[in-house]
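Data first, discussion second: the structure below is written as structure tokens.
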Amino acid sequence: MAFDPANKIQDLQYFGEFGGVNPSVSDSSTYTFLSAKTMFDTFEGNTEGCYLYSRHSSPSNLYLGEALAALEGTETANVTASGMGAITAVILQCCDAGSHIVSGRTVYGGSYAFLKNFLPRLNIQTSFVDITSAEKVEAAITEKTRMLYCEAVSNPLLEIADIKALAAIAKKHNIPLVIDNTFSPLTIAPAQHGADVVIHSLTKFINGSSDCVGGAVCGSKEFCLSLKDVNDGAGMLLGSTMDSLRAASVLKNLRTLHIRIKKHSENALFLARQFEKDGFRVVYPGLESHPGHETMKKQMNPEYGFGGMMTLDVGSLDKANALMERMQHSNLGYLAVSLGFYKTLFSAPGTSTSSEIAPEEQKQMGLTDGLIRFSIGLDNDIERTYDMMKACMKALGI
Ligand code: PLP
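Quick note, my numbering runs 1361 ahead of the 1-based positions in the sequence shown.
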């Protein structure tokens, strides 16, 4: 039977302390033990069901982790205080001084900055490659490579990683394939295609209400426990722990993810098709003109569509800025970074979320000045939205 993450989340059953239909929130930073021996064993990581200290683990974080593991079909998942908290912990857990990483060249600007600017301080070097070329990926691997890293659907160019092909390369070279799946929860389940670790920024679609930051690492029990190890776990020692109250609220939002993703996808596909018909340069994985369309179809969960992210090139940064301001003025959405909100969010990635990437490198990867990245909202009447967007464009001569 096909992998069905929404059913797996639906099938989780919770009872709170007083019979509540939501699990009770563990509002404690530390936990008592009836015996000193159990405390010692817990420190050693040997006692299931016992809690020590909430930076290590807490019931609320475990509940959310369990639901995210169901989402990705992994053995388990750890939750973190942000997506970057997940990314940095995973990288530092897998790499030592002298290690080398092969990364997709179009990844979130913060991830790019960490790999390019921060990690060399620890003598960890990264080669950035076109992740859609298996030959280029394999050619970049050296004997020092400790990780193959990319995004399933890349930020902001929406390139599609062929996860099965990348997993085969990673396996051949005995390195983990780490996939950031922030842009495509439910649509793509990277672990089902061979990824070893799946990362999310929960800040985006999964939480879906733009009211918090959060992250997750989904993977094997062995890897996730290693991150929490009190002696050398990067998650435990770098301290990017999610707060229990927040874990409880993200869990509640996760339960409507399947409905939201379908609507984001439906709306984005409609707009992408319309703007393409109008002659704009639109990038959307659901369009046949997208170079990764066939790869996407091969690995996607079709009932959730092609996702809510779309880019549109309006020719210049000035035009992009004018259009975004006008759209916000018309209440079509917000001129804001981030994604996955009920309203459409738009930004020019070259000067915002990808500004960490040098201008000449942006040019090389096709990140043009006039590019607007859209996270398409949950608008009930997307035809009305399209008409309003067209009116904004017309007024500006776009
Ligand atoms: N991964 C992707 C693809 C992102 O777009 C972002 C943020 O924009 C992150 C990771 C970082 O997540 P956070 O802001 O939750 O740290």
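Ideal Cβ placement from N, Cα and C applies to all residues, glycine included.
Bear in mind that the values here come from a model prediction, so they are computed numbers and not experimental data.
Listed in chain order, the non-local C-beta contacts of Pro1546 below 6 Å within the same chain comprise Phe1566, Ile1567, local neighbours out to five positions each way being set aside. Runs of the beta strand (DSSP E) lying entirely within the stretch 1575-1621, each at least 3 residues long, are 1576-1580 in chain order. In this structure, Gly1666 and Gly1647 form a Cβ contact; the two beta carbons are roughly 7 Å apart against a cut-off of 8 Å. Counting only runs that start and end inside the stretch 1646-1682, the beta strand (DSSP E) elements of at least 3 residues fall at 1670-1674. In the DSSP assignment, Met1445 falls within the alpha helix (DSSP H) that extends over 1444-1455. The C-beta separation of Met1685 from Phe1707 comes to about 5 Å, placing the pair in contact by the 8 Å criterion. When the alpha-carbon of Leu1615 is set against those of Gly1377, Asn1383, Ala1363, Glu1378, the nearest one is in Asn1383. Taking C-beta atoms as the reference points, Thr1672 and Gly1470 fail to come closer than 8 Å. Take the alpha-carbon of Ile1718 and the one of His1619: they are about 33 Å apart. Asn1484 is a Cβ neighbour of Gly1459, given a cutoff of 8 Å. In the three-state reduction of the DSSP assignment, Thr1435 falls in the coil class. Of the heavy atoms belonging to the ligand PLP, none sits nearer than 7 Å to the Cβ of Asn1741.
The way I'd put it, the stretch 1487-1496 doesn't touch the stretch 1531-1544; fewer than three beta-carbon pairs between them come closer than 8 Å. For Met1508, the uninterrupted beta strand (DSSP E) run begins and ends at 1506-1512, by DSSP. Assignment of Phe1631 by DSSP, reduced to helix, strand and coil, places it in the helix class. In the displayed model, Leu1518 falls within coil according to three-state DSSP, outside both helix and strand. At the C-beta level, Thr1437 and Ala1430 come within 8 Å of one another.
In the structure shown, Gln1486 adopts extended strand secondary structure according to DSSP, grouped into three states. Look at Gly1600: its beta carbon is at least 7 Å from all of the heavy atoms in the ligand PLP. Distance from Leu1588 to Gln1454 at the Cβ level is roughly 6 Å; contact confirmed, criterion being Cβ atoms closer than 8 Å.
Rounded to whole angstroms, Leu1432 and Lys1369 show a C-alpha spacing of 7 Å.
Using a cutoff of 7 Å, the CB of Ser1472 counts as near the ligand PLP, since one of the ligand's heavy atoms is closer than that. Straight across, the Cα-Cα distance linking Glu1496 with Ser1691 is about 46 Å. The nearest non-hydrogen atom of the ligand PLP is 7 Å or more from the C-beta of Met1603.
Per DSSP, reduced to three states, the secondary structure at Phe1735 is strand. Just so you know, the alpha carbons of Asp1742 and Ala1526 end up roughly 39 Å apart. His1625 and Gly1594 do not touch by the CB rule: their CB atoms are close to 35 Å apart, not below 8 Å. Within the same chain, Cβ atoms closer than 7 Å to the Cβ of Met1749 are found at Ser1691, Leu1693, the five residues on either side in sequence being excluded.
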